[in-house]
Amino acid sequence: MKTLNIASIPGDGVGKEIMPEAIRVLEKVAQVHGGLQFKFEEFPYSCDYYLKHGAMMPEDGMDRLSQFDSVFLGAVGDASKVPDHISLWGLLLKIRQEFQQEINIRPAKLLKGINSKLADPKDFDIVVVRENSEGEYSSIGGRIFHDDNEIAIQNNVFSKRATKQAMNIAFDLASKRKGLVTSATKSNGIFHAMPFWDEIFEEISEKHPNIKSESKHIDALAAYFITHPHELDVVVGSNLFGDILSDVGAAIMGSIGVAPSANLNLNGKYPSMFEPVHGSAPDIVGKGIANPIGQIWTAKMLLEFNGEANIAEHLLKVIEAVTADGYQTPDLGGKYKMTEVTDEIIKRLGQ
Ligand SMILES: NC(=O)C1=CN([C@@H]2O[C@H](COP(=O)(O)OP(=O)(O)OC[C@H]3O[C@@H](n4cnc5c(N)ncnc54)[C@H](O)[C@@H]3O)[C@@H](O)[C@H]2O)C=CC1
Ligand SMILES: CC(=O)C(=O)O
Ligand SMILES: [K+]
Ligand SMILES: [Mn+2]
Numbered sequence: 001m002k003t004l005n006i007a008s009i010p011g012d013g014v015g016k017e018i019m020p021e022a023i024r025v026l027e028k029v030a031q032v033h034g035g036l037q038f039k040f041e042e043f044p045y046s047c048d049y050y051l052k053h054g055a056m057m058p059e060d061g062m063d064r065l066s067q068f069d070s071v072f073l074g075a076v077g078d079a080s081k082v083p084d085h086i087s088l089w090g091l092l093l094k095i096r097q098e099f100q101q102e103i104n105i106r107p108a109k110l111l112k113g114i115n116s117k118l119a120d121p122k123d124f125d126i127v128v129v130r131e132n133s134e135g136e137y138s139s140i141g142g143r144i145f146h147d148d149n150e151i152a153i154q155n156n157v158f159s160k161r162a163t164k165q166a167m168n169i170a171f172d173l174a175s176k177r178k179g180l181v182t183s184a185t186k187s188n189g190i191f192h193a194m195p196f197w198d199e200i201f202e203e204i205s206e207k208h209p210n211i212k213s214e215s216k217h218i219d220a221l222a223a224y225f226i227t228h229p230h231e232l233d234v235v236v237g238s239n240l241f242g243d244i245l246s247d248v249g250a251a252i253m254g255s256i257g258v259a260p261s262a263n264l265n266l267n268g269k270y271p272s273m274f275e276p277v278h279g280s281a282p283d284i285v286g287k288g289i290a291n292p293i294g295q296i297w298t299a300k301m302l303l304e305f306n307g308e309a310n311i312a313e314h315l316l317k318v319i320e321a322v323t324a325d326g327y328q329t330p331d332l333g334g335k336y337k338m339t340e341v342t343d344e345i346i347k348r349l350g351q
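Per UniProt numbering, residue 1 is the first one in the sequence shown, and the count goes up by one each step.
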């Protein structure tokens, strides 16, 4: 019997609602699999934890999480309790950076039965490869002076190593898919970092003559996601550009409530972390209508990256069969509650 030890961090808002749903699904997956079991340990790290303890996690929090095969996270952030930059840097971004989860994989493809927000979406299947450890998400800089003289300086960080790594992963992925890599740039406006990014992209492209490559400025590329999503395959972007594009990708899928993501540690020193693309959705919290599919599709990615590709594919097929038959939450225009969608997935997993 293979055991996967999973640290679950529901976090804030709808994170606390959808996490139990995805765990119910994973327990069922294990039962159907027969040779797999999960050991979950829940960690209460969140904005509520911060209000009690003055930090998003205890001193030994990272040590404890490092003992697990993977971290499974819901969402972080409740600005009514803790400013977002404190809560995200104290938990989500802390884990991504300290566990060297330098790559964030974010698929965007249409599931059967789900209406895209586009009138004619055609059949798109995109993977955003987001550099996940540096770029615009850096804590380097500071603030100086007061009142109207106040100045904020924010330094972006682009290393050749991490940039190359993200691009190499994008090309590898494209070689197993449609064979196209699109780079998100902004070298017409960002004077140093983006020409650097483009040069490295050029260099990596030349090493992969069989893969088509193109660069698009982030503004035009964001529009292209809306107008020509079916022409994209793998899209590689910096931390901020990848973040934005993956929300656009989620919107054209129908709702950010379905979008999954994997924060990958590639050197094997620390666990990877799996979390949906969306945040804590304070506007719908407590209503029982959060879409559980983002977290459940994320569970599929957790299975895939823990060596269980077959059952992972089966889970995605079941999710798609359920959406195809109209079991959808209100964000997708459906009338079903969160638990009803999960129940249907679990029922069909057993069939
Ligand atoms: N990775 C993470 O944990 C992230 C955390 N956040 C945090 O979440 C909080 C809210 O941020 P927002 O910018 O509003 O982004 P958000 O993703 O939480 O919500 C944006 C919109 O999508 C909807 N939505 C999100 N998840 C949904 C789901 N599962 N089912 C149905 N609808 C869903 C929300 O109702 C809202 O209308 C903030 O504190 C923010 O910092 C935001 C993005 C990512
Ligand atoms: C923070 C955030 O929005 C993200 O990582 O997607
Ligand atoms: K999340
Ligand atoms: Mn985001």
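By construction, the Cβ of each residue, glycine as well, lies at the ideal position given by its N, Cα and C atoms.
Note that this is a predicted model, so its numbers are computed, not measured.
Since residue i and residue j are thought to touch, with beta carbons under 8 Å apart, how far apart are those beta carbons, to the nearest angstrom?
{"i": "Val234", "j": "Leu173", "result": "5 Å"}
{"i": "Val128", "j": "Gly237", "result": "7 Å"}
{"i": "Ser261", "j": "Thr298", "result": "7 Å"}
{"i": "Met56", "j": "Ser80", "result": "Not confirmed; about 16 Å, so no contact."}
{"i": "Ser280", "j": "Val76", "result": "7 Å"}
{"i": "Phe145", "j": "Ile153", "result": "About 11 Å; that fails the 8 Å criterion."}
{"i": "Gly249", "j": "Ala259", "result": "7 Å"}
{"i": "Phe38", "j": "Leu4", "result": "5 Å"}
{"i": "Asn239", "j": "Arg161", "result": "With 8 Å as the limit, Asn239 and Arg161 do not qualify as a contact, their Cβ atoms being about 15 Å apart."}
{"i": "Asp60", "j": "Asp12", "result": "Not a contact, Cβ separation roughly 21 Å."}
Using CA atoms only, rank isn't needed, just tell me which of the options is closest to residue i.
{"i": "Tyr336", "options": "Ile289, Ile296, Leu315", "result": "Ile289"}
{"i": "Tyr327", "options": "Phe124, Asp69, Gly11, Arg348", "result": "Arg348"}
{"i": "Ile9", "options": "Pro44, Glu27, Lys81, Val25", "result": "Pro44"}
{"i": "Ile105", "options": "Asp147, Leu93, Ala170, Gly113", "result": "Ala170"}
{"i": "Met253", "options": "Phe124, Arg24, Lys2, Gly141", "result": "Phe124"}
{"i": "Gly257", "options": "Pro209, Val285, Glu202", "result": "Val285"}
{"i": "Gly294", "options": "Pro195, Val341, Arg143", "result": "Val341"}
{"i": "Thr163", "options": "Asn210, Met62, Ser133, Ala309", "result": "Ser133"}
{"i": "Asn155", "options": "Gly279, Glu42, Ile345, Ala193", "result": "Ala193"}
{"i": "Gln31", "options": "Ser139, Thr329, Ile311", "result": "Ile311"}
{"i": "Glu231", "options": "Glu27, Lys122, Ile319, Ile18", "result": "Lys122"}
{"i": "Val14", "options": "Gly334, Asp243, Pro292, Lys317", "result": "Pro292"}
{"i": "Pro83", "options": "Ile200, Leu51, Tyr137", "result": "Leu51"}
{"i": "Asn263", "options": "Pro195, Ser159, Met301", "result": "Met301"}
{"i": "Glu136", "options": "Gly242, His208, Glu59", "result": "Gly242"}
{"i": "Ala166", "options": "Gly333, Leu266, Gly113", "result": "Leu266"}
{"i": "Asp343", "options": "Asp331, Val318, Pro330", "result": "Val318"}
{"i": "Ser175", "options": "Ser205, Asp148, Thr329", "result": "Ser205"}
{"i": "Asp48", "options": "Leu91, Ile140, Asp198", "result": "Leu91"}
{"i": "Leu65", "options": "His33, Glu98, Asp78", "result": "Glu98"}
{"i": "Arg177", "options": "Glu203, Leu332, Arg143, Ile126", "result": "Ile126"}
{"i": "Ser159", "options": "Gly179, Ser138, Glu308, Lys28", "result": "Ser138"}
{"i": "Asp283", "options": "Pro195, Glu202, Asp331, Glu102", "result": "Asp331"}
{"i": "Ala7", "options": "Leu316, Gln67, Glu202, Asn115", "result": "Gln67"}
{"i": "Pro58", "options": "Ile95, Leu315, Gly179", "result": "Ile95"}
{"i": "Phe225", "options": "Ile211, Met62, Asp247, Asn210", "result": "Asp247"}
{"i": "Ala223", "options": "Thr323, Phe305, Lys212, Leu118", "result": "Leu118"}
{"i": "Val322", "options": "Thr339, Lys16, Asn306", "result": "Thr339"}
{"i": "His278", "options": "Ala108, Ile103, Gln100", "result": "Ala108"}
{"i": "Gly350", "options": "His53, Thr329, Leu315", "result": "Leu315"}
{"i": "Tyr270", "options": "Asp63, Lys207, His85, Gly307", "result": "Asp63"}
Name the two residues that bound the continuous alpha helix (DSSP H) containing residue i.
{"i": "residue 367", "result": "With the chain covering 1 to 351 only, the question about residue 367 has no answer from this structure."}
{"i": "Ser205", "result": "193-206"}
{"i": "Met338", "result": "338-349"}
{"i": "Asp219", "result": "218-227"}
For ligand 5, is there a heavy atom less than 8 Å away from the beta-carbon of residue i?
{"i": "Ile95", "result": "No copy of ligand 5 occurs in the structure displayed; its ligands are ligand 1, ligand 2, ligand 3 and ligand 4 alone."}
Considering just the uninterrupted stretch of the beta strand (DSSP E) at residue i, what are its terminal residues?
{"i": "Lys176", "result": "Here Lys176 belongs to no beta strand (DSSP E), and DSSP marks it neither H nor E."}
{"i": "Phe145", "result": "Element bounds for Phe145: n/a, residue is neither H nor E."}
{"i": "Gly237", "result": "234-237"}
{"i": "Pro10", "result": "2-11"}
{"i": "Gln154", "result": "151-154"}
{"i": "Phe158", "result": "Neither: Phe158 is in no beta strand (DSSP E) and is coded neither H nor E."}
{"i": "Ser272", "result": "272-274"}
{"i": "Glu134", "result": "Note, Glu134: premise wrong, no beta strand (DSSP E); not H, not E."}
{"i": "Glu42", "result": "36-42"}
{"i": "Leu264", "result": "262-264"}
Quick one: does residue i have its CB under 9 Å from some CB of chain C?
{"i": "Asp120", "result": "Within the model displayed, chain C is absent; a lone protein chain is all it includes."}
- Message: Quick check on the DSSP output: what are the complete alpha helix (DSSP H) runs of length 4 or more inside the region 281-322, in order along the chain?
- Response: Correct list: 293-305.
- Task: Check whether the region 182-199 touches the region 208-228, counting contact only when three or more Cβ pairs, one atom from each stretch, lie closer than 8 Å.
- Result: Taking 8 Å as the limit for Cβ pairs, the verdict is that the region 208-228 does touch the region 182-199.
- Message: What ranges does the alpha helix (DSSP H) occupy inside the region 47-103, keeping only unbroken runs of at least 4 residues that lie completely in it?
- Response: 47-53, 61-65, 84-87, 93-98
- Query: Using 8 Å as the threshold, is the region 69-84 in touch with the region 269-277, meaning 3 or more CB pairs across them?
  - Reply: yes
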